[in-house]
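Quick notes on the structure that follows.
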């Protein structure tokens, strides 16, 4: 690998190690979240309150020197509350655009399923297009641009579940889960996460992250691995357990996530093991069983086990 790539990998190793000082006992989830970030995707976290979703988003933004916004979604929120609005400020100034929180480099969309479908769509279209059009003017969103959206599972009253077409726009979905007894004891005995975050200094800036994202795109995915990804995608379409198979967009997300995983392992090419490592995080939220329920973890793993490795 080139010296710049090695420097990028070392940077990510530092970010993960420093983040682990605050997000205790969640190394696998941290690594996947970083892979999603450098792969140019967006992240959905499904978990109960108090598991560290906000802390995770804030920690990554802080370490990478990125502007951070947190939006608490509610049923009465309007698209303008997220995107921004033009305000008339006198005859000389005319209409002046006031950007919304979506113009930050890291956006935490908290409890996104509490917003109306119209407001959800405004955010998700911005995620996809990486630009917004307001009052006939198109404005580019910053680079890098990373959205972490959260949902609280099991809450149905007053919520608007994201439709499958919108879920497909998230590269990965994670659950942080309860910490181990040892990790929870460390949390109880240590200082507050807020104090640790306030003391944390950036180890990089937006330019370095953009360079890493560009380097991830150059990680080679050879034809045997491309055929392996294709076989996994097509296996979901042929499975009797799956209502609708994975889309081509899911295949592209799987490839990009595997490239990010290989990059973090200091490899200039993707191996089947990289695809397997990210498979569940990339595809599980995109799959439904025949009765429209989320596909079980065992069924998702079964897809991997039944496809031959090249």
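In our numbering, the protein residues as written are 145 to 454.
Using N, Cα and C, we set each Cβ at its ideal position, and we do this for glycine too.
Helix, strand or coil: how does DSSP classify residue 204 here?
By 1-based counting over the chain shown, the position of residue 204 is 60. Note: residue 204 maps to helix in three-state DSSP.
Measuring only from the beta carbon, is residue 330 closer than 7 Å to any heavy atom that is part of the ligand NAD?
Ligands displayed in this structure: none; no statement on the ligand NAD is therefore possible.
Could you name the residues of the same chain whose beta carbon sits closer than 6 Å to that of residue 426, not counting the 5 residues immediately before and after it, in chain order?
Residue 426 sits at position 282 when you count from the first residue of the chain shown. Apart from the 5 residues on each side of it in sequence, residue 426 sits with its Cβ closer than 6 Å to the Cβ of 316, 397, 398 and 401 in its chain, given in chain order.
When DSSP builds the beta bridges, which residues end up paired with residue 254?
The residue you call residue 254 lines up with position 110 of the chain shown. DSSP lists 216 as the bridge partner or partners of residue 254.
Using a Cβ-Cβ distance cut-off of 8 Å, determine whether residue 258 contacts chain D.
In summary, chain D is missing from the structure at hand, where a single protein chain is found.
Distance CB(residue 380)-CB(residue 390) smaller than 8 Å:
For the purposes of this step, residue 380 is taken as the residue at position 236 of the chain shown. For the purposes of this step, residue 390 is taken as the residue at position 246 of the chain shown. In this structure, residue 390 lies closer than 8 Å to residue 380 by Cβ.
For residue 140, I'd like the list of residues in its chain whose CB is within less than 6 Å of its CB, leaving aside the five on either flank, ordered along the chain.
Nothing can be reported for residue 140, as the shown portion of the chain is limited to 145 through 454.
Just to check my reading of the structure: residue 407 and residue 182 have Cβ atoms closer than 8 Å, yes? What is that Cβ distance to the nearest angstrom?
By one-based count along the chain shown, residue 407 stands at place 263. By one-based count along the chain shown, residue 182 stands at place 38. That belief holds up - the Cβ atoms of residue 407 and residue 182 are roughly 7 Å apart, short of 8 Å.
Let me confirm a value: residue 239 is counted as buried when at least 16 other C-beta atoms fall within 10 Å, else exposed. Which label applies?
In the chain shown, residue 239 corresponds to position 95, counting from 1. When all chains shown are included, residue 239 counts as exposed.
Contacts around residue 213, its chain only, beta-carbon distance under 6 Å, and the 5 residues preceding and following it disregarded
Looking up residue 213 in the chain shown gives position 69. Leaving aside the five residues that flank residue 213 on each side, the residues in its chain whose CB is nearer than 6 Å to its CB run, in chain order, 245, 248 and 251.
Using 8 Å for Cβ pairs, my map puts residue 387 next to residue 433. What's the rounded Cβ distance?
As a position in the chain shown, residue 387 is number 243, starting the count at 1. As a position in the chain shown, residue 433 is number 289, starting the count at 1. Between residue 387 and residue 433 a beta carbon distance of about 6 Å is seen, short of the 8 Å cut, so the two are scored as contacting.
Going by DSSP in three states, residue 323 sits in which element: helix, strand or coil?
On the chain shown, residue 323 is found 179 positions in, with the first residue counted as 1. Taken through DSSP and simplified to helix, strand or coil, residue 323 comes out as coil.
Assign residue 172 to one of two classes, buried (16 or more other C-beta atoms within 10 Å of its C-beta) or exposed (fewer than that).
Taking the first residue of the chain shown as 1, we reach residue 172 at position 28. The residue is exposed, with fewer than 16 neighbouring Cβ atoms inside 10 Å.
What is the rounded straight-line gap between the Cα of residue 374 and the Cα of residue 450?
Indexing the chain shown from 1 puts residue 374 at position 230. Indexing the chain shown from 1 puts residue 450 at position 306. Rounded to whole angstroms, the separation of the alpha carbons of residue 450 and residue 374 is 14 Å.
Using beta-carbon positions only, say whether residue 206 and residue 346 come within less than 8 Å of one another.
Your numbering for residue 206 matches position 62 in the chain shown. Your numbering for residue 346 matches position 202 in the chain shown. Less than 8 Å separates the beta-carbon of residue 206 from that of residue 346.
Is the stretch 277 to 295 touching the stretch 346 to 361 in the sense that three or more CB pairs, one from each, lie closer than 8 Å?
In short, these stretches touch, since the Cβ pair count reaches three.
When the distance is taken between beta carbons, is residue 318 closer than 8 Å to residue 177?
Start at 1 with the first residue of the chain shown, and residue 177 comes out as number 33. Start at 1 with the first residue of the chain shown, and residue 318 comes out as number 174. Contact flag set, yes.
Roughly how many whole angstroms lie between the Cα atoms of residue 277 and residue 294?
In the chain shown, the residue the question calls residue 277 occupies position 133. In the chain shown, the residue the question calls residue 294 occupies position 150. When the Cα atoms are used, residue 277 and residue 294 turn out to be separated by approximately 25 Å.
In or out: residue 282 buried (at least 16 other Cβ within 10 Å) or exposed?
Against the chain shown, residue 282 aligns to sequence position 138. Exposed, because fewer than 16 other Cβ atoms sit within 10 Å of the Cβ of residue 282.
May I ask which residues mark the beginning and end of the alpha helix (DSSP H) holding residue 422?
On the chain shown, residue 422 is found 278 positions in, with the first residue counted as 1. Start and end: 416 to 427.
For the alpha helix (DSSP H) containing residue 157, list its first residue and its last residue.
Reading the chain shown from its first residue, position 13 is the one you call residue 157. Start and end: 147 to 164.
Using CA atoms only, rank isn't needed, just tell me which of 195, 435 and 365 is closest to residue 331.
Translated into positions along the chain shown, residue 331 becomes position 187. Looking from the CA of residue 331, the closest CA among 195, 435 and 365 belongs to 195.
Express the C-alpha separation of residue 439 and residue 237 in angstroms, rounding to a whole number.
Taking the first residue of the chain shown as position 1, residue 237 is located at position 93. Taking the first residue of the chain shown as position 1, residue 439 is located at position 295. Each residue's alpha carbon lies about 54 Å from the other.
Can you give the Cα-Cα distance for residue 292 and residue 419, rounded to whole angstroms?
Here residue 292 refers to the residue found at position 148 of the chain shown. Here residue 419 refers to the residue found at position 275 of the chain shown. When the Cα atoms are used, residue 292 and residue 419 turn out to be separated by approximately 22 Å.
Among 197, 446 and 422, nearest to residue 404 - alpha-carbon criterion:
Taking the first residue of the chain shown as 1, we reach residue 404 at position 260. Considering only alpha carbons, the answer is 422.
Whether residue 166 touches residue 199 by CB criterion (8 Å):
Residue numbering aside, residue 166 sits at position 22 when the chain shown is read from its first letter. Residue numbering aside, residue 199 sits at position 55 when the chain shown is read from its first letter. Going by C-beta atoms, residue 166 is nearer than 8 Å to residue 199.
Would residue 363 and residue 414 be called neighbours here (beta carbons separated by less than 8 Å)?
For the purposes of this step, residue 363 is identified with residue 219 of the chain shown, where counting begins at 1. For the purposes of this step, residue 414 is identified with residue 270 of the chain shown, where counting begins at 1. Yes, the pair counts as a contact, with Cβ atoms nearer than the cut-off.
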